[in-house]
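Taking it in order: structure first as structure tokens, then the write-up.
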Amino acid sequence: MRDSHSKTAIAIVSVTLAIVWLLVGAAVGQAPPLRITLDQAIDLALAHSHALKAARTQIQQNQAQEITASLRPNPTLAWDALFIPLFSPQNFGVGDLLNTQQFDLGVSYLIERGGKRQRRIDAAKDATSVTRYQVSDTERGLIFNVTQQFINAQLATSNLEFARKDLESFQETVNISEARYHAGDLSEGDLLKIKLQLLQFQTDVSTARVALVQALFTLRQLLGFDAVPANYAIAEELSYQPLALHRDDLQAQALKLRPDLLAAQSAVRAAQSQIALAKANGKVDLTAALSYSHVSDQSSLSAAFSIPLPIFDRNQGEIARTRFAYTQVQEQADVATESVLTDVRNAYEGFVTNQEIVQLYLSGYLKQAQDSRDISAYAYQRGAASLLDFLDAERSYRATQLAYRQALANYLLSVEQVKQVVGTRKLP
Numbered sequence: 183m184r185d186s187h188s189k190t191a192i193a194i195v196s197v198t199l200a201i202v203w204l205l206v207g208a209a210v211g212q213a214p215p216l217r218i219t220l221d222q223a224i225d226l227a228l229a230h231s232h233a234l235k236a237a238r239t240q241i242q243q244n245q246a247q248e249i250t251a252s253l254r255p256n257p258t259l260a261w262d263a264l265f266i267p268l269f270s271p272q273n274f275g276v277g278d279l280l281n282t283q284q285f286d287l288g289v290s291y292l293i294e295r296g297g298k299r300q301r302r303i304d305a306a307k308d309a310t311s312v313t314r315y316q317v318s319d320t321e322r323g324l325i326f327n328v329t330q331q332f333i334n335a336q337l338a339t340s341n342l343e344f345a346r347k348d349l350e351s352f353q354e355t356v357n358i359s360e361a362r363y364h365a366g367d368l369s370e371g372d373l374l375k376i377k378l379q380l381l382q383f384q385t386d387v388s389t390a391r392v393a394l395v396q397a398l399f400t401l402r403q404l405l406g407f408d409a410v411p412a413n414y415a416i417a418e419e420l421s422y423q424p425l426a427l428h429r430d431d432l433q434a435q436a437l438k439l440r441p442d443l444l445a446a447q448s449a450v451r452a453a454q455s456q457i458a459l460a461k462a463n464g465k466v467d468l469t470a471a472l473s474y475s476h477v478s479d480q481s482s483l484s485a486a487f488s489i490p491l492p493i494f495d496r497n498q499g500e501i502a503r504t505r506f507a508y509t510q511v512q513e514q515a516d517v518a519t520e521s522v523l524t525d526v527r528n529a530y531e532g533f534v535t536n537q538e539i540v541q542l543y544l545s546g547y548l549k550q551a552q553d554s555r556d557i558s559a560y561a562y563q564r565g566a567a568s569l570l571d572f573l574d575a576e577r578s579y580r581a582t583q584l585a586y587r588q589a590l591a592n593y594l595l596s597v598e599q600v601k602q603v604v605g606t607r608k609l610p
């Protein structure tokens with residue numbers, strides 16, 4: 183009897199442990215996916231984007247060129263030995279070494295004139311400044327691409343949720359129609375039409391699911407495959423937040439913040455540094471040398487100086503080229519300024535238009551479409567409305583809801599477009 187009770191207890195414990203193990207495994211297998219916000223997505227992209235990392239190395243390369251520009255010329259060491267009796271080995275000896283052979287040992291150094299070293303340093307630093315702004319502009323483009331794909335994922339998520347709810351609602355209508363058919367209150371033709379219409383709702387769910395998968399995958403590519411797991415999700419839903427923006431304020435802010443404009447303006451300063459460097463390179467350099475000589479038992483010390491005569495080559499061509507290059511970058515800076523003003527104007531008008539469209543939907547059209555659908559569904563389910571009227575109201579409701587979500591996504595994208603053309607993440 184005792185053995186029987188022991189076996190029963192062991193069996194109960196084993197079953198209990200197995201159930202706990204299965205529950206734990208199911209809980210682990212059904213762990214919620216990682217959900218990220220837009221700000222988190224931007225931070226992940228800035229930290230993990232391989233294209234951005236490659237662009238940032240340009241700054242490091244320019245900083246290395248600054249080191250090269252600051253280096254001074256190396257001194258030159260020269261040594262020679264003359265009158266060595268290589269083919270008369272019998273003459274080798276201390277006497278021949280002291281009285282016959284000649285030895286020279288000297289050091290020479292190139293003295294740069296015209297401030298060449300400082301001009302090189304200035305030019306290298308200005309080039310680094312231009313590169314920094316260019317990398318910042320690359321970051322600006324990446325941020326906009328991330329926000330665009332994030333909004334696409336938000337839209338796909340919203341469309342999928344709506345498609346599922348709409349499918350559930352229409353499935354109830356199908357169930358009621360089948361009950362009416364069996365009760366003899368609905369013709370078989372109308373029931374078939376209702377069931378065929380169900381295919382559209384099922385297709386909408388599948389299409390929305392594919393769109394969401396593609397949007398999340400494209401966004402993950404921008405964030406970095408090592409930044410988020412494959413089963414991540416979007417934490418923020420599509421929502422409307424009205425903004426009051428002023429075009430003049432946006433243009434003034436863009437002229438101060440746009441990195442591509444700042445890069446063009448910095449390029450003007452870099453061109454001025456190149457002109458100064460070209461003029462400095464037109465100055466000839468002085469070579470100074472100090473040497474020791476031993477000739478026929480006599481030792482001497484000599485000094486020498488040499489400098490080219492700038493009769494023909496005074497670096498005229500490079501000076502002229504850098505001046506034309508300076509004019510070129512000035513014109514490019516003016517083009518960049520005009521482009522910034524145009525971008526802000528276009529983005530602002532797009533923002534205003536998209537906000538007006540969203541407000542039109544919220545002013546009553548959404549509620550009217552839903553009320554029309556609900557009234558038609560209620561009347562149809564009770565035999566007081568025709569099938570065509572109900573299906574027409576259902577299609578209008580579905581089209582209005584999808585159009586509103588697209589309009590809301592366009593509005594959010596227009597807000598991000600304004601931020602992108604201004605060059606900031608915070609709007610005034």
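Its first residue numbered 183, the sequence shown is counted upward by one per residue in our numbering. Yeah, the Cβ is synthetic: ideal placement off N, Cα and C, and Gly gets one too.
Measure the alpha-carbon distance for R301 versus Y586 and round it to whole angstroms.
60 Å
Looking only at C-alpha atoms, which of L234, L542, I489, E294 sits nearest to R254?
Nearest C-alpha to R254: E294.
Which residue marks the beginning of the alpha helix (DSSP H) containing T258, and which one marks its end?
Here T258 belongs to no alpha helix (DSSP H); instead the beta strand (DSSP E) covers 258-264.
Inside the stretch 288-366 only - alpha helix (DSSP H) runs reaching at least 4 residues:
298-364
Do you know offhand how far S482's Cα is from L264's?
15 Å
If you draw a straight line from the alpha carbon of L204 to that of Q583, how long is it in whole angstroms?
The pLDDT assigned to L204 is 37, lower than 50, so where the model puts this residue is not dependable, and the model offers no usable value.
With distances taken Cα to Cα, identify the nearest neighbour of A436 among V603, N256, G499, A236.
V603
From the DSSP output, read off the bridge partner residues of D286.
D262, S475
The alpha helix (DSSP H) enclosing L548, as first and last residue numbers
548-563
In the DSSP assignment, the beta strand (DSSP E) including Q480 goes from what residue to what residue?
480-488
Thinking D372 and R580 are a contact (beta carbons under 8 Å), I'd like their distance in whole angstroms, please.
The pair is not a contact, with the Cβ atoms about 20 Å apart (cut-off 8 Å).
Q563: which of I358, A462, D430 sits nearest, CA to CA?
Closest in alpha carbon position to Q563, among I358, A462, D430, is I358.
Where does R607 land, buried or exposed, given buried means 16+ other C-beta within 10 angstroms?
Looking at its Cβ environment, which holds fewer than 16 other Cβ atoms inside 10 Å, R607 is exposed.
Among R299, P267, S578, Q510, whose alpha-carbon lies nearest the alpha-carbon of A551?
S578
Given 8 Å, three or more beta-carbon pairs between the stretch 304-317 and the stretch 239-249:
They touch, by the three-pair rule.
Where DSSP assigns a beta bridge to I457, which residues make up the other side?
Answer is none; I457 lacks a bridge partner.
Cβ-based neighbour list, I489, same chain, cut-off 8 Å, excluding 5 preceding and 5 following
V466, D467, L468, T469
Smallest Cα separation from E360: which of E343, L380, L342, A345?
L380
Can you tell me whether G605 is buried or exposed, with buried defined as 16 or more other CB within 10 angstroms of its CB?
buried
Take the Cβ of A529 as the centre, count every other Cβ of all protein chains shown within 10 Å, and call the residue buried at 16 or more, exposed below.
buried
Taking the alpha carbon of L127 as the reference point, which residue from G532, D571, L609 has its own alpha carbon closest?
Since the first residue shown for the chain is 183 and the last is 610, residue 127 is missing from the structure and cannot be characterised.
Apart from the five residues just before and just after D319, which ones in its own chain have a Cβ nearer than 7 Å to its Cβ?
P441, D442, A445
To which residues of the same chain is I539 closer than 7 Å at the C-beta, ignoring the five residues directly before and after it?
A589
Under a three-way DSSP split, which group does A426 fall into?
coil
Determine, using beta carbons only, whether S484 and S473 come nearer to each other than 8 Å.
yes
How many angstroms separate the CA atom of Y560 from the CA atom of Q541?
29 Å
Where does I241 fall in DSSP's three states?
helix
With three or more beta-carbon pairs closer than 8 Å as the criterion, would you say the stretch 394-403 touches the stretch 337-351?
yes
Would DSSP call L228 helix, strand or coil?
helix
With DSSP collapsed to three states, give me the class of I192.
Interpretation of I192 is limited by its pLDDT of 41, a score under 50 that renders its predicted location unreliable; the figure taken from the coordinates is listed afterwards. Reduced to three states, the DSSP call for I192 is helix.
May I have the straight-line CA-CA distance separating L234 from T355, to the nearest angstrom?
53 Å
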